[in-house]
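Protein sequence lines correspond, in order, to chains A and B. When the count follows my numbering, it moves up by one through the first sequence with no breaks and lands on 218 for the last residue. When the count follows my numbering, it moves up by one through the second sequence with no breaks and lands on 857 for the last residue. The next block holds one structure in the form of C-alpha cells; read it before the comments.
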Amino acid sequence: MGLFKKAPKNLPEYWLKYETLFKDSQSKNIDDLIFVVLDTETTGFSFEDDRVLSIGAVKIKKETISVQEVFDIYLEQEKFNKDTVHVHGLLKNGQRECISEILALEKFLDYVGNAIIVAHHAGFDMGMLNTALIRHGLPKLKNTVLDTSVIYKKTLIKSYLVQPKPSYTLDELAEKFSISKKDRHTALGDAYITAVAFLKIISRLKEKKNFSLKSLIR
Amino acid sequence: MKNLISERVADFIKNYPPFNVLDGKSLFQLAEQVLIVYKEKNSIIFSVDESQHSHFYLVHKGAVTLNNPATSNILDFCDEGDIFGLRPLFANENYKLEARAHEESILYGIPIDIFRPIAKQNEEVTVFLMESFASNTRNPYAKNQKGQLYESEGEETASSEVIIPDLQLASYSKKLVTCSTRTTIQKAAEIMTKRQIGSILVIRKYLPVGIITDKDFRNKVISGKQPITATVKSIMTTPVITYPKNLTITQAQMAMMKSNISHLVITEDGTPNSAALGILSKHDVMVSLGDNPAVLVKAIKRTSKIKKIKQLRKSVMVLLTGYLEQNIPLGLIAKIISELNDTCIKQVVEISIAKMDSPPPAKFAWLALGSQGRSEQLLHTDQDNALVFEDVPEEDLPKTTTYFLDLAKHITKGLNTIGYEYCPADMMASNPKWCLSLQEWKNKLSYWISNPGPNEVLMSSIFFDYSLAYGERSLLDNMSEHIFRTVEKYPIFLVHLANGALQSPSPTGFFRQFVVEQDGQHKDSFDLKSRALRPLIDAARVLILSHSVKAISNTWERYEKLAEIEPNNQELYLACSYATKALLKFRTRQGLANHDSGRFIQLDQLTKQEKMKLKRTFKAIKEIQELITLRFKVTNILG
C-alpha cells in the first residue's frame with residue numbers, strides 16, 4: 001500500500017466528521033458504550049479481488065437493540081463471482097435496491113460513528129471494508145474492534161481434557177447459546193445472531209475476575 | 219423501515235395474544251418499532267415505583283418474574299410469549315411490582331404509543347387485555363394480582379395485591395379423549411392405554427353422558443360383572459358432574475369431595491346439555507397445588523414435550539422451598555428432589571430417543587456426574603454427564619459412536635431447555651471425549667489412574683461420583699468394577715487423590731475469621747462451595763475408595779458408611795456427615811433466596827447464629843483433612 005502512506009489530502013466532509021468523533025476518549029463503563037455489530041456478505045475471500053455485496057449491522061446500547069436502528073445496505077456490483085451466489089442468495093441487481101460502494105461507505109461511516117465494532121471473524125469484515133475505503137482514497141476505520149470468535153473462547157474453562165478449538169464458527173456459537181439460525185447467511189441476519197451471542201458472552205465474562213473491556217481487546 | 223429483523227420480530231409476536239388477532243399491517247407497524255432487550259439472569263427490568271417506560275414487554279426467550287419485594291412474593295411468572303408491564307401504562311401510574319429476569323432473557327419492548335391506538339381500534343385486543351388483567355390462569359404462582367385495564371372505567375385497582383390463593387383457577391386438560399356409548403369396553407381400554415390416561419369421556423350426540431375411569435374396569439369388568447365385549451354404556455358412571463370453566467381449585471376440590479368423585483367435566487355452559495371442553499381430574503388439582511412429589515413424577519412421565527418438563531421443574535422448586543421452610547431433614551429432601559430430577563432427565567432421554575430416526579443400535583447408559591451423581595443437587599446447576607455404550611464389533615464402532623453422539627446432542631440440548639446450563643468445561647456426553655464405548659472408557663480410566671497428574675486426579679474425581687441416570691446398569695457396574703481393580707494395582711493413585719482433597723483453600727484465616735474472596739464479581743463474599751463443601755466431598759471420596767466401597771456416591775452416606783467401617787473414628791465421620799448436610803442446606807437456602815447457585819455467601823447478610831453454625835462445620839473440615847494427611851502420608855510425595 002505504498003501509495004497511501006502519505007496522509008491523503010482533500011478528505012470529504014463526511015470523513016472529517018467521522019474522524020472528529022474520535023477526539024474525545026470513550027467512557028470506561030460498558031453500559032455507556034455503543035456497539036455496532038456488523039457482518040458483510042462478499043463475492044469471495046480475497047480483499048483485493050472480491051467486493052462487498054451487502055453490509056448488515058445492529059446497534060447495541062445498554063444491552064438493547066432497536067429494530068428501527070438497524071443498518072441494511074446492498075451494493076451495486078461491477079464484478080460478479082457467481083460461485084458465492086448460492087451461499088448468500090444475493091443476485092447481482094436482484095430485487096434489492098442497491099447503492100454505489102462509495103455511498104454505502106459514507107452511510108456506514110455515519111452509522112458506525114465512534115462505536116465499538118463487533119463482528120464474528122472480524123478480521124475479514126474489517127479487511128473488506130478497509131480495502132474498499134482505501135480504494136476510494138480514504139483512510140482505514142478508526143474504531144476499536146472486538147471479535148466474537150476470539151472473546152467467546154474466554155468464556156470457556158480451560159482444562160487438560162478439553163482444549164478449546166482454535167476458532168468457533170457462528171453456527172457453533174448460535175448452537176451453544178440457543179439462538180435461532182433463521183436468516184443465516186444474510187448480512188443483517190448474521191449480524192443479529194452475532195449481536196445476541198455477543199451480549200451473552202459479555203454477561204458470562206462479567207462474572208469472571210478482572211473483567212474489563214480492555215482485557216477483550218487484543 | 220421493514221427489514222429482516224422486524225420480520226423476525228413480527229414472525230414471533232404474531233403467535234401470541236393479543237398480537238395474534240392483528241392484521242399484517244399493524245403487526246409490521248409494531249415490529250418495526252420494537253426494542254430487543256437483553257437481560258442477564260437476576261437483573262431488574264423495572265422496580266417498584268419506577269416511572270413508566272415507553273414500552274411494555276413480551277418475553278421472547280427466557281423467563282421473567284413479577285415480584286413484590288416487600289413480601290418477597292412471586293406474583294406472576296412470565297414465560298416465552300407472555301406480556302408484562304402493560305397495566306401501569308394503561309392505568310397511567312408507576313410500576314407496582316418489580317420485574318426481574320428469572321433466567322437470561324431476551325425481551326421485546328413494544329412501544330405503547332404505537333400499541334395503544336391499535337388496541338383501542340381492535341375490539342378483540344381490548345377484550346383479551348381486559349380478561350388478562352382481570353384474571354390469570356397461567357400458573358400456580360399467579361395469585362390474584364391483576365387489576366383492570368382502563369382507569370377511566372372507575373374500577374378499584376388499589377386492592378390488586380391482596381393474595382387470595384383460593385381464587386387461583388384450576389387448569390384442566392383440554393385434550394379430550396372420548397368414545398361413544400357403543401364403543402366396546404376392550405376398545406375403550408385400548409384407547410386409554412395408548413393415550414396413557416386414567417379416564418375417558420363417553421359422548422352421545424356431542425354431549426357428555428358418562429365417564430369411565432380405571433376404577434370402573436376393576437370394579438365392573440375384571441370382577442366379572444361385564445365381559446370386555448360389552449359396550450361402555452354398561453360400566454360408565456352416569457350422569458357426569460359438570461361445571462363451567464373458570465372453576466377455582468378450591469371449588470373443584472369441594473365438588474370432588476361432595477360427590478366423592480375424581481373427575482369433573484368442564485362444559486361450555488356448565489351443564490350436561492352443552493359440549494364438553496375438558497376434564498378436570500383430582501390429578502390436575504394436585505399438580506396445580508404442586509405439593510406432592512408422586513403427582514409430579516407422574517406428570518413428568520406423562521409429558522412428551524420438553525418445554526412442559528421445564529414448567530414442572532418450577533413446581534419442584536416450590537416443593538423444595540416448602541420442605542426447607544418446614545425444616546424436613548436434608549437427607550430426605552435430597553432424596554426426593556434427586557428422584558424428581560432423575561425423572562426429568564429420564565424423560566428427556568426418552569423424548570430424545572423418540573426423536574432419533576432409529577432405536578439405539580446398542581445398549582447404553584447415561585451417567586450423571588458431579589453433584590447430580592452424588593444426589594446432592596438441589597438447585598439447578600450445570601450439567602455434567604457422560605454416555606457409555608456396550609462394546610460393538612470394531613467395524614461398527616464409528617457409526618455407533620456417531621449415533622450416540624447425535625443422541626447426546628439432543629439430550630444435552632433438552633436438558634439445557636429444562637434449565638441445566640451447559641457445562642462451561644464441556645464435560646458433557648455431547649463431547650466426543652465423553653461419549654465412548656465400554657472398552658474406550660476402561661482405557662481412559664486406566665490411564666487416569668496409572669498416570670495421576672493433577673489433571674488426571676481432577677478428571678477422575680469428577681468421574682468417581684457418578685450414578686446411572688438412564689439405561690443399562692450392567693455397563694456402569696462393569697466400569698466401577700474396573701476402577702476398583704485398577705486402583706488396587708496402583709495404590710499411589712489414592713495418595714494423589716488425597717493430595718487433591720487437601721488443595722481446597724482454607725475456610726478461616728489465622729484469627730478464625732472467614733476468608734473472603736479478594737477480587738472479581740464475588741469480592742468480599744465467602745465461597746461456600748470451594749472452601750467448605752468441596753473439602754468434605756473430596757475427603758469422603760478418597761476414603762471410601764480406599765475401602766473399596768462401591769455404589770455409594772452420596773457424600774453423607776459415604777461418611778455414615780465410613781463410621782460403620784472404622785468405629786474408632788466414628789465421631790469424626792458422623793460430624794462430617796452432619797456438616798455436609800448442614801452446609802448443603804445452607805447453600806440451598808441461600809441459592810433459593812438469591813436465585814443463584816448459592817455458592818457465594820454475603821457474610822454481612824448472615825445472623826450471628828448462622829455464622830456460628832457455619833464455623834462449627836469448619837472444625838470437622840480441619841480434622842478430616844488432618845486424618846487424610848496422616849493416613850495417606852501425603853507430605854512424603856510432595857517433597
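Quick reminder that beta carbons are idealized off the backbone N, C-alpha and C, glycines included.
Could you spell out the range, first to last residue, of the beta strand (DSSP E) harbouring residue i?
i: W652(B); result: Counting along the chain, W652(B) falls outside any beta strand (DSSP E), and DSSP gives it neither H nor E.
i: H273(B); result: 273–279
i: E41(A); result: 34–42
i: V239(B); result: It is not in any beta strand (DSSP E) - V239(B) carries neither H nor E in the DSSP assignment.
i: A769(B); result: Element bounds for A769(B): n/a, residue is neither H nor E.
i: D614(B); result: It is not in any beta strand (DSSP E) - D614(B) carries neither H nor E in the DSSP assignment.
i: I230(A); result: Outside the displayed range of chain A (1 to 218) lies residue 230(A), so it cannot be described from this structure.
i: G689(B); result: 684–689
Please report the residue range of the alpha helix (DSSP H) in which residue i lies.
i: D229(B); result: 222–231
i: K200(A); result: 187–206
i: Q544(B); result: No alpha helix (DSSP H) holds Q544(B); DSSP gives it neither H nor E.
i: E775(B); result: 773–783
i: S323(B); result: Element bounds for S323(B): not the alpha helix (DSSP H) but the beta strand (DSSP E), 323–329.
i: V713(B); result: 710–719
i: A407(B); result: 403–413
i: R305(B); result: 305–309
Taking the straight line between their C-alpha atoms, what separation do you get for residue i and residue j?
i: G834(B); j: F744(B); result: The sequence given here has Arg at residue 834(B), not Gly. Computed Cα separation, rounded: 15 Å.
i: K660(B); j: I409(B); result: 46 Å
i: M202(B); j: A197(A); result: Missing from the structure shown is residue 202(B); chain B here goes from 219 to 857 and no further.
i: I563(B); j: D50(A); result: 50 Å
i: V705(B); j: L686(B); result: 21 Å
i: K525(B); j: I636(B); result: 7 Å
i: Y192(A); j: Q77(A); result: 25 Å
i: K443(B); j: R400(B); result: 18 Å
i: R356(B); j: L245(B); result: The predicted position of R356(B) is uncertain, since its pLDDT is 36 and thus under 50; a value taken from the coordinates is nonetheless stated next. Near 25 Å, if we compare the C-alpha coordinates of L245(B) and R356(B).
i: E48(A); j: T131(A); result: 7 Å
i: L498(B); j: L746(B); result: 45 Å
i: S46(A); j: L801(B); result: 60 Å
i: V343(B); j: N559(B); result: 40 Å
i: S668(B); j: E658(B); result: 15 Å
i: I527(B); j: V567(B); result: 12 Å
i: L53(A); j: V675(B); result: 53 Å
i: I518(B); j: A838(B); result: 39 Å
i: F607(B); j: T618(B); result: 9 Å
i: G549(B); j: T798(B); result: 10 Å
i: N786(B); j: E844(B); result: 15 Å
i: I546(B); j: R531(B); result: 20 Å
i: T20(A); j: D229(B); result: 41 Å
Please work out which residues of its chain come closer than 8 Å, Cβ to Cβ, to residue i, disregarding the five sequence neighbours upstream and downstream, and give them in chain order.
i: L425(B); result: P490, N491, S492, A493, A494
i: V503(B); result: A388, I467, A470, Q471, M474
i: Y640(B); result: D600, Q601, T630, N634, M646
Check this for me: beta carbons of residue i and residue j, under 8 Å apart or not?
i: P578(B); j: Y621(B); result: yes
i: H273(B); j: G327(B); result: yes
i: L276(B); j: L325(B); result: yes
i: I65(A); j: T148(A); result: no
i: E106(A); j: Y14(A); result: yes
i: E63(A); j: V255(B); result: yes
i: Y684(B); j: L585(B); result: yes
i: L625(B); j: S570(B); result: yes
i: D171(A); j: K182(A); result: no
i: V610(B); j: A583(B); result: no
Excluding the five sequence neighbours on either side, which residues of its own chain have a C-beta within less than 7 Å of the C-beta of residue i, listed in chain order?
i: A319(B); result: K257, E258, K259, N260, S261, I263, G280, V282
i: K392(B); result: L495, G496
i: H740(B); result: F818
Spatial neighbours of residue i within its chain, please: C-beta separation below 6 Å, excluding the five flanking residues on both sides.
i: G372(B); result: Reliability fails at G372(B), whose pLDDT of 33 lies under 50, so the model's placement of it is uncertain and no value is given.
i: V118(A); result: F35, V37, L146, F198
i: I179(A); result: I193, V196
Comparing the CB of residue i with every heavy atom of the ligand ATP, is any distance shorter than 7 Å?
i: L587(B); result: Absent from the structure shown: the ligand ATP. Ligands present: none.
- Task: Just list the alpha helix (DSSP H) runs in the stretch 427–498 of chain B, keeping only unbroken ones of 4 residues or longer that don't cross its boundaries, in chain order.
- Result: 467–477
- Message: Ignoring anything shorter than 3 residues, give me the beta strand (DSSP E) runs that lie fully in the stretch 808–835 of chain B, in order along the chain.
- Response: 818–820
- Message: I'd like the ranges of any beta strand (DSSP E) spanning at least 3 consecutive residues and lying wholly in the stretch 104–188 of chain A.
- Response: 116–119, 145–147
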